[in-house]
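In order, the protein sequence lines correspond to chains Y and W.
Take the numbering used here: the last position of the first sequence gets the number 146, and nothing is skipped along the way.
Take the numbering used here: the last position of the second sequence gets the number 176, and nothing is skipped along the way.
Report on the following structure.
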Amino acid sequence: MTKINELKMILDSRSVNECFSRVAVASFSSQLDMTVEELGDIKTVVSEAVTNCIVHAYSNTIGKIYITCTVFEEGVIRVSIRDKGCGIPDVEKAREPLYTSVGGERSGLGFSVMESFSDKLRVRSRVGVGTTVTFEKIIKGKAR
Amino acid sequence: MPVALKLKNNTLTVCLKGEIDHHTAPAIRESIDDAIAINHNASLIILDFSGVTFMDSSGVGLVMGRYRLVAPMGKRLQVDNLSARDYQILRMSGIEKLAPLNQRYDEIKENRYD
């Protein structure tokens, strides 16, 4: 695929940045002509991944969240969301629907939602090193 | 989040507005729970999502948490006017077996998720 544009940003893992990060990525992505639904899908996936960084990766501290959004000529958006937090001991278990490692009112659906609204999702994690979630969205757009 | 309330024939409708995520959920939860506590005679609690412009899985936790709150009091919970996406996200949890979920009327016809 041919890269035509790229955005990189580094954010503090503060919950107030959840809204900013999803809107920023959606706004940058919108240079590809896409539908409101596709834009909404991207916002939802980014929101889930960034929330995971805040709630899980940096649960007792404030760390940095690294977001890269790449636009491809072929009509694909690739977004990677990386943290240098605690890491996930068992990624497969974490991706199971309704599994959550924390209490409170977390639904355990974060990864299920990310899978539903993206076309490809990859999760790489090492305990003590951090986690990278990368997803791709194929944009069919208004015209197609 | 300031919520609008309607009470009619033991039905309490709580109208939510804006975006529901991990950052905004605690204040929304508090507003709903206050409304339920004040209107303790209501036997049916309706969460009206017509003013909700964005929701992620934090919204699922919010709805499930409200169900867990009201079910032991013998009250029922229902969620109305969901966008197609929010409806799909909520259905992933299986909550519709416990609390009916209703979509926005104007979006039912063109629901691409079913």
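Each residue gets a CB set at the ideal place from its N, CA and C atoms; glycine is no exception.
For chain W, check one thing: does any of its Cβ atoms lie closer than 8 Å to the Cβ of R97/Y?
Within the first sequence, the letter at position 95 stands for residue 97/Y. No, no contact with chain W.
With C-beta atoms as the reference, is V114/W less than 8 Å away from L111/Y?
Walking along the second sequence from the start, residue 114/W turns up at place 52. Walking along the first sequence from the start, residue 111/Y turns up at place 109. Taking 8 Å as the Cβ cut-off, V114/W and L111/Y do not qualify as a contacting pair.
Of all Cβ atoms in chain W, is any one closer than 8 Å to the Cβ of R108/Y?
Residue 108/Y sits at position 106 when you count from the first residue of the first sequence. Output row for R108/Y: interface = yes.
Check distances from the C-beta atoms of the stretch 14-34 of chain Y to those of chain W and list, in chain order, the residues that come in under 7 Å.
Within the stretch 14-34 of chain Y, the residues whose Cβ lies closer than 7 Å to some Cβ of chain W are S17, V18, E20, C21, listed in chain order.
List the endpoints of the continuous beta strand (DSSP E) containing L109/W.
To locate residue 109/W, count along the second sequence from 1; it is residue 47. First-last of the beta strand (DSSP E) with L109/W: 106-117.
Tell me the DSSP secondary structure of T134/Y in three-state form.
One-based indexing of the first sequence puts residue 134/Y at position 132. Reduced to three states, the DSSP call for T134/Y is strand.
Who are the Cβ neighbours of C55/Y in its own chain at under 6 Å, not counting the five residues just before and after it?
The residue labelled residue 55/Y in the question sits at position 53 within the first sequence. Take C55/Y, set aside five residues on each side of it, and the residues of its chain with a beta-carbon closer than 6 Å to its own are S15, I67, D85, in chain order.
Please state whether DSSP places C55/Y in a helix, a strand or coil.
Start at 1 with the first residue of the first sequence, and residue 55/Y comes out as number 53. Here C55/Y sits in helix by DSSP.
Taking the beta strand (DSSP E) that V104/Y belongs to, which residues open and close that run?
To locate residue 104/Y, count along the first sequence from 1; it is residue 102. Annotation for V104/Y: no beta strand (DSSP E) segment contains it, and DSSP assigns it neither H nor E.
Taking buried to mean at least 16 other C-beta atoms within 10 Å of its own C-beta, is Y60/Y buried or exposed?
Residue 60/Y sits at position 58 when you count from the first residue of the first sequence. By the 10 Å Cβ count, Y60/Y comes out buried.
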